[in-house]
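See below for the structure under consideration.
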Amino acid sequence: MAAAALPYHEPGIVTILILSSFLILSNVVNWIFDRLLFCGLIGQIAIGVAWGTPGGNWLSLEIQDAIVQFGYLGLIVLVYEGGLQTDLKTLRSNLFLASLVAIIGIGTPMALSFTLQGFMNITPVQAFAAGAALCSTSLGTTFTILATSGLNQSRLGVVLSSAAMMDDVVGLVMSGIIASLGQSSDNFSAIIVIRPVFVSIAFAVLLPVICAFIVKPLTKVCYKLITKRRDSKLHTTLTTEGAAFCLHVAVLTALITGAIYAGTSGLFAAYLAGASISWWDALCTELRDSNSRSTVIRDETADSTSQDNSAEPKEPVSKSPESQQASPSLAARPASSSQTSPSTTSPPPTSHAHLHGTAIFTKHISPALHSILQPFFFASIGFSIPISQMFTPSILWRGIVYSILMVLAKLFCGLCLIRFSGPVIPTHQLTNFLPSSKHLPWPLLRTTSKNTTDAATTTTTQATPSPATIDPKQGKKKKSSPGNRIPKPMSLYPATMLGFAMVARGEIGFLISAIAESKGVFGDVRGEGNGSSELFLVVTWAILLCTLLGPIVVGTMVKRIKRLQAAEREKRTGREDPLGIWGVLPRGDDVEEGSGMAAAATS
Numbered sequence: 170m171a172a173a174a175l176p177y178h179e180p181g182i183v184t185i186l187i188l189s190s191f192l193i194l195s196n197v198v199n200w201i202f203d204r205l206l207f208c209g210l211i212g213q214i215a216i217g218v219a220w221g222t223p224g225g226n227w228l229s230l231e232i233q234d235a236i237v238q239f240g241y242l243g244l245i246v247l248v249y250e251g252g253l254q255t256d257l258k259t260l261r262s263n264l265f266l267a268s269l270v271a272i273i274g275i276g277t278p279m280a281l282s283f284t285l286q287g288f289m290n291i292t293p294v295q296a297f298a299a300g301a302a303l304c305s306t307s308l309g310t311t312f313t314i315l316a317t318s319g320l321n322q323s324r325l326g327v328v329l330s331s332a333a334m335m336d337d338v339v340g341l342v343m344s345g346i347i348a349s350l351g352q353s354s355d356n357f358s359a360i361i362v363i364r365p366v367f368v369s370i371a372f373a374v375l376l377p378v379i380c381a382f383i384v385k386p387l388t389k390v391c392y393k394l395i396t397k398r399r400d401s402k403l404h405t406t407l408t409t410e411g412a413a414f415c416l417h418v419a420v421l422t423a424l425i426t427g428a429i430y431a432g433t434s435g436l437f438a439a440y441l442a443g444a445s446i447s448w449w450d451a452l453c454t455e456l457r458d459s460n461s462r463s464t465v466i467r468d469e470t471a472d473s474t475s476q477d478n479s480a481e482p483k484e485p486v487s488k489s490p491e492s493q494q495a496s497p498s499l500a501a502r503p504a505s506s507s508q509t510s511p512s513t514t515s516p517p518p519t520s521h522a523h524l525h526g527t528a529i530f531t532k533h534i535s536p537a538l539h540s541i542l543q544p545f546f547f548a549s550i551g552f553s554i555p556i557s558q559m560f561t562p563s564i565l566w567r568g569i570v571y572s573i574l575m576v577l578a579k580l581f582c583g584l585c586l587i588r589f590s591g592p593v594i595p596t597h598q599l600t601n602f603l604p605s606s607k608h609l610p611w612p613l614l615r616t617t618s619k620n621t622t623d624a625a626t627t628t629t630t631q632a633t634p635s636p637a638t639i640d641p642k643q644g645k646k647k648k649s650s651p652g653n654r655i656p657k658p659m660s661l662y663p664a665t666m667l668g669f670a671m672v673a674r675g676e677i678g679f680l681i682s683a684i685a686e687s688k689g690v691f692g693d694v695r696g697e698g699n700g701s702s703e704l705f706l707v708v709t710w711a712i713l714l715c716t717l718l719g720p721i722v723v724g725t726m727v728k729r730i731k732r733l734q735a736a737e738r739e740k741r742t743g744r745e746d747p748l749g750i751w752g753v754l755p756r757g758d759d760v761e762e763g764s765g766m767a768a769a770a771t772s
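For the sequence shown, this note's numbering assigns the number 170 to the initial residue and increments by one for each residue that follows.
Set out below in structure tokens:
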């Protein structure tokens with residue numbers, strides 16, 4: 170018979186001290202590791218190992234199970250935050266290069282993971298699961314590195330963040346595949362892998378179609394109806410933070426529920442929910458801006474008409490240059506006077522910025538996420554790491570070898586940014602099939618516009634300036650190389666930074682590995698029937714070492730690059746910027762031009 174109620178018991182002082190120290194130290198260690206190594210999640214995982222079953226076992230099994238449940242809720246919110254921070258215009262403008270980097274970052278670890286069969290007794294399915302865990306890139310670590318280094322708005326930062334997002338999206342799909350493999354490990358069939366993939370593709374394709382052909386027209390109609398009744402209770406209610414919060418939570422819950430019942434990962438749906446809300450916020454901002462511009466133009470037209478009607482008919486109809494110069498001041502006076510009239514004044518474009526998804530998330534969700542839910546998730550990962558079994562000699566050397574392979578696999582991503590002194594493939598043949606754009610990955614196929622040249626020369630030397638702007642001294646240099654070729658770079662900093670920034674696996678890697686272990690995909694290859702599988706321990710070593718090594722190397726390189734940049738600016742040595750064009754901040758017109766080219770190419 171079920172209990173009618175849960176009796177209330179006051180927790181003991183030992184329980185209070187354990188729980189409070191667990192929460193406080195998780196946040197303190199996260200702050201310290203973020204400042205030193207750019208990977209605070211390692212510290213939170215270590216707290217989970219120490220306080221959980223692998224270490225001191227100070228937390229009871231019931232509390233650990235509750236932390237696991239709340240931690241997964243925190244993971245959903247973390248992925249949702251990544252979707253909110255997705256800039257769709259920037260993503261479109263760098264889609265080709267970011268996709269190439271992501272494909273290399275996914276395919277190479279998957280391929281090299283099958284080498285595990287050479288020194289471990291595992292099946293191809295288990296090697297596939299190990300590669301799935303190591304194909305992701307830590308979004309949290311990537312954003313932390315970019316924000317700390319100040320490269321989050323540079324071309325290198327845009328490509329890196331876009332590729333990391335794509336890697337994580339594929340990793341989220343992989344988590345659904347691994348879960349299906351575990352549930353049907355006895356009777357494996359192709360449908361187990363195909364169904365999550367095709368359901369994820371269906372979500373990724375159908376959701377933009379629904380947004381473009383259903384949500385967008387419906388939003389325009391509703392916006393017109395609501396703006397006509399600005400003083401009504403409906404308008405007041407819909408423009409509150411509570412209404413926006415409920416709408417965002419409803420979209421997130423609906424997409425996650427539909428994705429799980431359809432057979433794919435709910436985390437992938439959480440990312441799509443965040444990206445959809447970010448797109449909808451941009452649409453609403455565009456509608457408000459266009460409405461405010463039309464209102465101002467309408468007011469100016471009405472005021473100028475009234476001025477013409479009230480003027481004395483002594484002047485001729487033709488306007489003199491003096492009257493044309495005075496017209497802006499006449500238009501400015503009614504505009505200033507109309508600001509005092511609440512009936513004709515439209516709200517400024519930023520008046521509803523507090524209703525955007527990022528603002529609602531920052532105010533209402535972020536404090537609980539970063540203080541409680543995120544530490545719970547990474548600590549729950551620590552609960553599943555058998556630290557006492559990881560230092561066996563056979564596990565240790567295999568983990569180190571596999572870690573080296575996984576580091577090299579991600580370093581191949583940096584090849585996309587390497588410029589060669591001569592063309593490997595004749596460019597006149599490729600240009601017949603590929604569009605010529607400054608956003609293409611291979612610099613031999615890229616053309617530069619005047620705006621890009623002007624923006625880039627502030628920090629680096631452009632390779633192909635227009636002949637009209639060539640300096641006589643520079644012209645002597647350019648004569649020795651063809652106009653469609655870019656000289657070899659002074660350094661490999663951009664390629665190396667991109668490769669090592671992609672090395673950190675982080676939360677998604679730990680998640681897929683833990684799912685594969687709990688579902689029995691990794692199996693118990695040692696045949697002992699207890700403890701963790703050998704493959705799980707090797708994969709855990711690889712994820713830990715990669716997550717530590719990537720941020721440390723990138724942080725060291727960022728410090729050196731900043732010293733070189735500071736020395737060059739102070740002494741004016743005339744050397745090129747170490748990052749070259751990849752350290753240039755992309756301008757707004759460049760992003761718009763790139764998005765237009767991407768849209769034209771896809772159409």
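Ideal placement from N, C-alpha and C gives every residue a C-beta, glycine not left out.
{"Asked": "contact_flag[the region 709 to 718, the region 331 to 338] where n(CB pairs < 8 Å) is 3 or more", "Found": "no"}
{"Asked": "Beta-carbon separation (whole angstroms), Leu266 vs Cys582, contact threshold 8 Å", "Found": "Not really, about 11 Å apart at Cβ, beyond 8 Å."}
{"Asked": "Residue burial classification, Pro176 (beta-carbon count within 10 angstroms, cutoff 16)", "Found": "exposed"}
{"Asked": "Exposure label - Pro386; buried when at least 16 CB within 10 Å", "Found": "exposed"}
{"Asked": "Contacting residues, own chain, Cβ-Cβ under 6 Å from Trp227 (five flanking each side not counted)", "Found": "Ile187 and Trp220"}
{"Asked": "The region 672 to 689 touching the region 268 to 275, judged by at least three CB pairs closer than 8 Å", "Found": "no"}
{"Asked": "Segment contact flag, the region 242 to 252 with the region 428 to 442, C-beta cutoff 8 Å, min 3 pairs", "Found": "yes"}
{"Asked": "Extent of the continuous alpha helix (DSSP H) to which Lys402 belongs", "Found": "Lys402 to Leu407"}
{"Asked": "Beta-carbon contacts of Leu714 that lie in its chain and below 7 Å, excluding the five residues immediately before and after", "Found": "Ser572"}
{"Asked": "Contacting residues, own chain, Cβ-Cβ under 6 Å from Gly240 (five flanking each side not counted)", "Found": "Phe545, Phe546 and Ser549"}
{"Asked": "Expected contact under 8 Å - CB spacing of Met671 and Leu303 to nearest Å", "Found": "Not confirmed; about 11 Å, so no contact."}
{"Asked": "Cβ distance (whole Å) where Val707 is taken to contact Gly568 below 8 Å", "Found": "5 Å"}
{"Asked": "Buried or exposed by the 16-neighbour rule on C-beta atoms within 10 Å, applied to Asn263", "Found": "buried"}
{"Asked": "Per-residue burial, Asn290 [other beta carbons within 10 Å of its own, 16 or more giving buried]", "Found": "exposed"}
{"Asked": "Buried/exposed call for Lys389, threshold 16 Cβ in 10 Å", "Found": "exposed"}
{"Asked": "Whole-number beta carbon distance between Leu230 and Ile216, since they are thought to touch under 8 Å", "Found": "Actually they are not in contact, since the Cβ atoms of Ile216 and Leu230 sit about 18 Å apart, beyond 8 Å."}
{"Asked": "Glu410, buried or exposed, once every other Cβ within 10 Å from all chains shown has been counted against 16", "Found": "exposed"}
{"Asked": "Distance between Cys380 and Val374 (C-alpha atoms, nearest Å)", "Found": "10 Å"}
{"Asked": "Simplified DSSP assignment, three categories, for Pro720", "Found": "helix"}
{"Asked": "Buried or exposed (CB count within 10 angstroms, at least 16 for buried), Ile655", "Found": "Model confidence at Ile655 stands at a pLDDT of 42, short of 50, so the residue's coordinates are unreliable; what they give is reported in the following sentence. Classification of Ile655: buried, given that the 10 Å Cβ count is 16 or more."}
{"Asked": "Candidates Thr406, Glu739 and Leu733, of which the one nearest Pro747 by Cα", "Found": "Leu733"}
{"Asked": "Close-in-space but distant-in-sequence residues of the same chain around Glu404 (CB under 7 Å, 5 per side omitted)", "Found": "Rather than Glu, the amino acid found at residue 404 in this sequence is His. Same-chain partners within the cutoff: Ile395 and Arg398."}
{"Asked": "Reduced DSSP secondary structure (H/G/I, E/B, other) of Val183", "Found": "helix"}
{"Asked": "Close beta carbons around Ile245, own chain, < 6 Å, minus the five adjacent residues each side", "Found": "Ala439"}
{"Asked": "Exposed unless 16 or more other CB atoms sit within 10 angstroms - verdict on Ile712", "Found": "buried"}
{"Asked": "Minimum C-alpha distance to Ser540 - residue among Val198, Cys415 and Ala444", "Found": "Val198"}
{"Asked": "Limits of the unbroken alpha helix (DSSP H) element including Cys114", "Found": "Because the chain here runs from 170 to 772, residue 114 falls outside it and cannot be looked at."}
{"Asked": "Neighbourhood of Ile429 by C-beta, 7 Å cutoff - its chain only, sequence neighbours within 5 removed", "Found": "Gly435"}
{"Asked": "6 Å CB neighbourhood of Lys331 in its chain, flanking five on each side removed", "Found": "As written in the sequence, residue 331 is Ser, which differs from the Lys given in the question. Within the same chain, Ser331 has close Cβ partners Leu260, Asn263 and Ala267."}
{"Asked": "Simplified DSSP state of Thr284, which is helix, strand or coil", "Found": "coil"}
{"Asked": "Leu205 versus Thr408, Ser318 and Leu680, residue with shortest Cα-Cα distance", "Found": "Ser318"}
{"Asked": "Helix, strand or coil at Met289 [DSSP, three-state]", "Found": "coil"}
{"Asked": "Local Cβ density within 10 Å of Ala174, reported as buried at 16 or more and exposed below that", "Found": "exposed"}
{"Asked": "Assigned exposure category for Gln295 - 16 Cβ within 10 Å defines buried", "Found": "buried"}
{"Asked": "Nearest neighbour of Thr527, chosen from Thr306, Phe202 and His417 [CA to CA]", "Found": "His417"}
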